[in-house]
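Each residue of the sequence shown is one higher than the one before, counting from 1 in full-length UniProt numbering.
Built from N, CA and C at the ideal position, the CB exists for glycine as well.
One structure is given here, and the rest of the page talks about it.
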Amino acid sequence: MPRRPRTLTDAPVRLVKVREVTVPLPHPLRSDALDNRERVLEAARTLFATEGLNVPMREIARHAGVGPATLYRRFPTKRTLVVEAYAEEVRACHAIVEEGLADPDPWSGFCRVIEKTCELHIDSLGFTEAFMAAYPDAMDFAADRGRMLGAVAELARRAQRAGDLRPDFVPDDLVMVLMAHRGIHATSAATRRATSRRFAALVIQSFQTSPTRAPLPPAARQAPPPHG
């Protein structure tokens, strides 16, 4: 019986499901201190997403509307700030792979990992940098990345034994996918996400033993139309 073509209709990644505070606070913070902390984290995520991890700490403080002293009191190093800013995304990465491993159809689970990982990374240049260890002084994701790639390797072996995943796939291919995916740039979030979905579909077809050639998601315009 022919395999049903893969579609990109799975539910989107919901980071709210994995939200929690990862670094215990030494004592309860006043409401204004908590508010400052959240503003700093939100500013950091915003600037990391658009400018990468090299954005200066003073710029993050300015964007958050707090003084540098307030920022450094809560986050004494860039590493500390990046750890807190991306704790949710790290847990989401693990949840995505665990969901893929739990799928009784290993090919379906493998495809879900590709789709949802791209979806998670598309709105955050900074997270991709940190996860790929392109900014090791800020945060070392080596252990998390190693666990994730180990789980992907197990899922890939299952899909290969089922005959759906090409036999020459190796987990480092997923790293290559994320590096290429990081190059997606667009003027709007909607265009970035549409391009990411199409990219994921192309990647999945390239990994399949016998590509189904299912219709790709619609292409998004990458540049404004020429004048005249």
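Three-state secondary structure (DSSP) of residue i
i: Leu165; result: strand
i: Arg182; result: coil
i: Met132; result: coil
i: Ala151; result: helix
i: Asp173; result: helix
i: Asn54; result: coil
i: Arg198; result: helix
i: Ala46; result: According to the sequence shown, residue 46 is Thr rather than Ala. Reduced to three states, the DSSP call for Thr46 is helix.
i: Arg192; result: helix
i: Arg158; result: helix
i: Thr22; result: Per-residue confidence for Thr22 stands at a pLDDT of 49, beneath the threshold of 50, marking its modelled position as unreliable; no derived number is given.
i: Leu213; result: Checking the sequence shown, residue 213 turns out to be Arg, not Leu. Residue state, collapsed to three classes: coil.
i: Gly126; result: helix
i: Gly146; result: helix
i: Ala219; result: coil
Residues bridged to residue i [DSSP beta-bridge criterion]
i: Gln205; result: Answer is none; Gln205 lacks a bridge partner.
Contact check, residue i vs residue j, beta carbons under 7 Å
i: Leu216; j: Gly126; result: no
i: Val113; j: Val97; result: yes
i: Cys93; j: Met179; result: no
i: Leu71; j: Val90; result: no
i: Asp164; j: Thr117; result: no
i: Pro106; j: Ala162; result: yes
i: Arg58; j: Pro68; result: yes
i: Phe169; j: Ala156; result: yes
i: Ala64; j: Ala49; result: no
i: Ala151; j: Tyr86; result: no
i: Arg203; j: Val177; result: Here residue 203 turns out to be Val, not Arg, going by the sequence shown. The answer is yes: Cβ separation under 7 Å.
Residue span of the alpha helix (DSSP H) that contains residue i, given as start and end
i: Arg74; result: Pro68 to Arg74
i: Ser108; result: Pro106 to His121
i: Ala87; result: Ala87 to Ala102
CB-CB length for residue i against residue j, believed under 8 Å
i: Ala159; j: Phe110; result: 5 Å
i: Ser196; j: His185; result: Their Cβ separation, rounded to whole angstroms, is 11 Å, which puts Ser196 and His185 out of contact at 8 Å.
i: Arg193; j: Ile122; result: 6 Å
i: residue 229; j: Ala143; result: With the chain running from 1 to 228 in the structure shown, residue 229 is simply not present.
i: Arg166; j: Phe207; result: 6 Å
i: Val55; j: Asn36; result: Going by Cβ atoms, the distance from Val55 to Asn36 rounds to 18 Å, so no, they are not a contact pair.
Residue-level contact to chain D via CB, residue i, 7 Å cutoff
i: Arg62; result: Chain labels in this structure do not include chain D; a single protein chain is all it has.
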